[in-house]
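Since the structure comes first, as structure tokens, the remarks are kept for the end.
In the UniProt record's numbering, the protein residues as written are 1 to 397.
Dropping the structure here:
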């Protein structure tokens, strides 16, 4: 139901308290608008400021009935099923030998059954063949490809490779290798893969929701409490209140790292661990060295062999915010997207309300338009809170 409120009826408390500016180029709280002349959707999750171009986020102002909770869970299940169907039908990553993800294109090396290794560049042009391929909504037309090719919009053109692509190696992912020791019920050990990891763990000792280093074994493996895998925690975290609780814990962990000058760089579900009762989340993998190239500002800054992500100067706290938005989606929908184009407006990989708008704010292409983590936490805290809420401007979608 849409109702009009006069200026006198809307208290000035609707202005947010100024959040701590965490050194970002633009303080996100500066974008909060005075809603005194607003038109309200009293039942909805969005308000529009009269005369403004941009929608303003407004999280629900009262606890929802059970039917809303049921609708949230049903929509999560629908999106997960839709994504699995898209992945099964897509040939984007079939026979893939290597890739480099740029801000607006995916450069890939394919092992073609007839022509051997072939370079293919697919550019993001929304609502065209190439854009749909990147969103798993169309397939690579292999019947039209016999050599180095670029797909730009609806055009399929021969090209000269412009990006060096290093083929994947066959090394075992060390994130998957763990050795139980001492009491296998409570301890877990793994090799330290970067020199930075142990000093960072010591710096983060006692910080909230950060996995704690217990010591080292005689063969120099580092020992942690034994916790549950993040994807299992995601599957066991059902409903708005439970999701909100876990996301707030991860946000608190990230804020505490930023407070001591650390940027995580690799916020993904595999780097989240959970307690045995599924009530508590912990952030792990404090190498803080390889930045996820999902972030537009660092996408494909080098080759695919790893140097693209190592100590990239452009990687900042706002890059962690971008990856927190992606992590929110993957955690809520209990799966991982194949490409980052699935997880931005226009893609299929975005969670339902009340978390959707927060994710969209986090994954803005321009880092200065993203909130900082304190502001993200404040938005999460307002979900289902009574009373008037703080409202954040979001660029056109």
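The beta-carbon is built from N, C-alpha and C at its ideal position, and this holds for glycine as well.
- [ ] Say whether the segment 138-152 touches the segment 108-120, bearing in mind that this needs 3 or more beta-carbon pairs closer than 8 Å, one atom from each stretch.
- [x] When Cβ pairs closer than 8 Å are counted between the two stretches, the segment 138-152 is seen to touch the segment 108-120, the count reaching three or more.
- [ ] State the DSSP-derived secondary structure class of residue 38, mapped to helix, strand or coil.
- [x] Residue placement at residue 38 cannot be trusted, given a pLDDT of 30 that sits under 50; what the coordinates show is reported in the next sentence. Residue state, collapsed to three classes: strand.
Task: Cross-strand partners of residue 152 (DSSP beta bridge) - done: Partner(s): 155.
- [ ] With residue 381 as the anchor, note down where its alpha helix (DSSP H) starts and where it stops.
- [x] Where residue 381 is concerned, the enclosing alpha helix (DSSP H) stretches over 373-381.
TODO: Can you say whether residue 378 is buried or exposed, counting buried as having 16 or more other CB atoms within 10 angstroms of its CB?
DONE: By the beta-carbon neighbour count (other beta carbons within 10 angstroms, threshold 16), residue 378 is buried.
- [ ] Would you kindly work out how many angstroms separate the C-alpha atoms of residue 320 and residue 266, rounded to a whole number?
- [x] For residue 320 and residue 266, the distance between alpha carbons rounds to 8 Å.
Task: Beta-carbon proximity of residue 297 to residue 372, cut-off 8 Å - done: Not closer than 8 Å, so no.
Task: Pairwise C-alpha distance: residue 368 and residue 154 - done: Their Cα atoms are separated by approximately 32 Å.
- [ ] Determine, using beta-carbon pairs with one atom in the segment 123-132 and one in the segment 74-90, whether at least three such pairs fall under 8 Å.
- [x] No: the two stretches stay apart, fewer than three of their Cβ pairs being nearer than 8 Å.
Open item on the list: Do residue 75 and residue 352 have their beta-carbon atoms positioned less than 8 Å apart in this structure?
Closed with: Closer than 8 Å, so yes.
TODO: Could you tell me whether the segment 84-98 touches the segment 66-73, where touching means 3 or more Cβ pairs closer than 8 Å?
DONE: The count of Cβ pairs closer than 8 Å, one atom from the segment 84-98 and one from the segment 66-73, stays below three, leaving the stretches out of contact.
TODO: For residue 149, collect the residues of the same chain with a Cβ closer than 8 Å to its Cβ; drop the 5 residues on either side in sequence, then sort them by chain order.
DONE: The beta carbon of residue 149 is closer than 8 Å to those of 118, 119, 120, 121, 156, 157, 158 and 159 in its chain, skipping five residues each way along the sequence.
Open item on the list: Quick check on the burial criterion: 16 or more other C-beta atoms within 10 angstroms. Buried or exposed for residue 324?
Closed with: Residue environment analysis places residue 324 among the buried positions, since at least 16 neighbouring C-beta atoms fall within 10 angstroms of its C-beta.
TODO: Return the CA-CA distance between residue 228 and residue 246, expressed in angstroms with no decimal places.
DONE: In a straight line, the C-alpha of residue 228 is about 14 Å away from that of residue 246.
Open item on the list: In the DSSP output, which residue or residues are listed as bridge partners for residue 116?
Closed with: DSSP output for residue 116 lists 112 as bridge partner(s).
Open item on the list: If I measure Cβ to Cβ from residue 279 and keep anything under 8 Å in the same chain, skipping five residues before and after, which residues do I get?
Closed with: Residues 245 of the same chain have their beta carbon placed closer than 8 Å to that of residue 279, with the five preceding and five following residues left out of the count.
Task: Beta-carbon contacts of residue 255 that lie in its chain and below 8 Å, excluding the five residues immediately before and after - done: Scanning its chain for C-beta atoms nearer than 8 Å, with the 5 sequence neighbours on each side dropped, one finds around residue 255 the residues 373, 374 and 377, in chain order.
Task: Exposure label - residue 260; buried when at least 16 CB within 10 Å - done: Classification of residue 260: exposed, given that the 10 Å Cβ count is below 16.
TODO: Just grab the DSSP bridge partners of residue 231 for me.
DONE: Beta-bridge pairing links residue 231 to no other residue.
- [ ] Note down the Cα distance separating residue 99 from residue 270, rounded to an integer number of angstroms.
- [x] If you take the alpha carbons of residue 99 and residue 270, they lie about 21 Å apart.
- [ ] Please decide whether residue 82 counts as near chain D, where near means a Cβ-Cβ distance under 8 Å.
- [x] Chain labels in this structure do not include chain D; a single protein chain is all it has.
Task: Whether residue 294 touches residue 340 by CB criterion (8 Å) - done: Yes, the pair counts as a contact, with Cβ atoms nearer than the cut-off.
TODO: Give every residue of the same chain whose Cβ lies closer than 8 Å to the Cβ of residue 208, excluding the five residues on either side of it in the sequence, and list them in chain order.
DONE: For residue 208, where only same-chain residues beyond five positions count, the Cβ hits under 8 Å are 249, 252, 253 and 256.
Open item on the list: Just verifying my parser: in three-state terms, what is the DSSP assignment at residue 61?
Closed with: Here the model assigns residue 61 a pLDDT of 47, short of 50, so the residue's position is not dependable, and the following value carries that caveat. Coil, per DSSP.
Open item on the list: Going by C-alpha to C-alpha distance, which of 363, 329, 240 and 322 sits closest to residue 68?
Closed with: Out of 363, 329, 240 and 322, the CA that lies nearest to the CA of residue 68 is found in 240.
TODO: Kindly give me the distance between the Cβ atoms of residue 326 and residue 93, rounded to whole angstroms, as I take these residues to be in contact under 8 Å.
DONE: In fact, because the Cβ distance is near 18 Å, the residues do not count as touching under 8 Å.
Open item on the list: Using the three-state DSSP reduction, which class does residue 282 fall into: helix, strand or coil?
Closed with: Reduced to three states, the DSSP call for residue 282 is strand.
TODO: With a 10 Å radius around its C-beta and 16 neighbouring C-beta atoms as the bar for buried, classify residue 403 as buried or exposed.
DONE: The structure shown does not extend to residue 403, since the chain spans only 1 to 397, so no value can be given for it.
TODO: Compute the Euclidean distance between the alpha carbons of residue 405 and residue 114, then round it to the nearest angstrom.
DONE: Coverage of the chain is limited to positions 1 through 397, which leaves residue 405 absent and any answer about it impossible.
Task: First through last residue of the alpha helix (DSSP H) which encompasses residue 98 - done: It is not in any alpha helix (DSSP H) - residue 98 instead sits in the beta strand (DSSP E) that spans 96-101.
Open item on the list: In whole angstroms, give me the CA-to-CA distance for residue 276 and residue 322.
Closed with: Roughly 29 Å between the two C-alpha positions.
Task: Counted within 10 angstroms of its Cβ, other Cβ atoms place residue 77 as buried (16 or more) or exposed - done: Result: exposed.
TODO: Measure the alpha-carbon distance for residue 358 versus residue 384 and round it to whole angstroms.
DONE: The straight-line gap from Cα to Cα measures roughly 14 Å.
Open item on the list: Check for me: the alpha helix (DSSP H) holding residue 254 runs from which residue to which?
Closed with: DSSP places residue 254 inside the alpha helix (DSSP H), whose first and last residues are 240-259.
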